[in-house]
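Novice: Residue numbers (my numbering): 2 to 201. Structure incoming, see below.
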């Protein structure tokens with residue numbers, strides 16, 4: 002898939018005010034500082050599309066981008082940022098649940114995890130919640146360029162092993178590096194496949 006146009010559409014905290022659900026939609030989510038904005042910018046070929054922040058927890062809204070005038074890319078708020086208040090975390094959860102469980106045109110949720118660290122409880126719980134609610138998702142390992150090939154393979158293998166303690170079948174997994182554009186074609190090919198199914 003070629004990205005010809007990628008345009009910011011809107012930011013929202015109210016799921017009732019989101020764009021009409023008439024196009025396929027793909028959401029990106031992960032722990033704060035996992036490299037989500039960098040990945041979105043790499044995918045779209047626009048280094049300034051999603052704001053990259055040195056401050057974790059910056060994204061607190063549901064951000065819609067329209068790609069090629071035919072599908073939505075959605076940047077969701079990062080989770081697990083300790084400095085957020087309990088009230089903010091509860092508001093975040095209500096908003097995210099309303100979006101992920103209620104958005105009828107949400108085709109796939111890409112869950113970003115840092116390839117450099119061991120499986121985190123917060124990620125595993127989020128993934129389990131998606132599975133329990135039958136929300137289609139893929140796991141995207143970020144920052145692969147920060148590791149040797151051997152360490153990367155070991156870390157991904159450890160992740161699979163951890164998931165197989167609870168899961169009978171592993172979800173789609175894609176290894177990425179925003180620095181090296183690794184995984185870009187894989188993600189876009191997957192989106193292209195689902196777009197064709199959506200419109201057929």
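The C-beta atom is built at its ideal place from N, Cα and C for all residues, glycine as well. Computed from a predicted structure; not experimentally measured.
Between the alpha carbons of residue 88 and residue 152, how many angstroms are there, rounded?
Specialist: 39 Å
Novice: Please classify residue 1: is it buried, with 16 or more other beta-carbons within 10 angstroms of its beta-carbon, or exposed?
Specialist: The requested residue 1 is not part of the displayed model; the chain covers only 2 to 201.
Novice: Give the single residue among 101, 118 and 108 whose Cα lies nearest to the Cα of residue 131.
Specialist: 101
Novice: Taking the continuous beta strand (DSSP E) assigned at residue 12, which residues delimit it?
Specialist: 7 to 13 is the span of the beta strand (DSSP E), which, as asked, contains residue 12.
Novice: Taking residue 10 as the reference, which of 48, 65, 23 and 16 has the closest Cα?
Specialist: 65
Novice: Output the boundary residues of the beta strand (DSSP E) element that contains residue 64.
Specialist: 63 to 68
Novice: Where does residue 51 land, buried or exposed, given buried means 16+ other C-beta within 10 angstroms?
Specialist: buried
Novice: If we ignore side chains and look at the alpha-carbon of each, how far apart do residue 24 and residue 8 end up?
Specialist: 15 Å
Novice: Can you pull the DSSP bridge partners for residue 74?
Specialist: Answer is 27 and 66.
Novice: Please report the distance separating the alpha-carbon of residue 13 from that of residue 78.
Specialist: One C-alpha to the other measures close to 11 Å.
Novice: Specify the secondary structure class of residue 45 as computed by DSSP and reduced to three states.
Specialist: DSSP, reduced to helix, strand and coil, places residue 45 within a helical segment of the structure shown.
Novice: Going by alpha carbons, who is nearest to residue 109 out of 171, 73 and 125?
Specialist: 73
Novice: Taking only three categories from DSSP, how would you classify residue 86?
Specialist: Coil at residue 86, not helix or strand.
Novice: Is it buried or exposed for residue 196, if we count other Cβ within 10 angstroms and need 16 for buried?
Specialist: buried
Novice: DSSP three-state call for residue 117: helix, strand or coil?
Specialist: Coil, per DSSP.
Novice: Per DSSP, residue 109 is paired with what?
Specialist: 27
Novice: Under three-state DSSP, which class holds residue 139?
Specialist: strand
Novice: Take residue 86 as the anchor and find which of 106, 61, 103 and 30 has the nearest alpha-carbon.
Specialist: 61
Novice: Quick check: residue 143 and residue 75, are their CB atoms within less than 8 Å of each other?
Specialist: no
Novice: Alpha carbon to alpha carbon, what distance is there between residue 133 and residue 105?
Specialist: Distance between the alpha carbons of residue 105 and residue 133: 17 Å.
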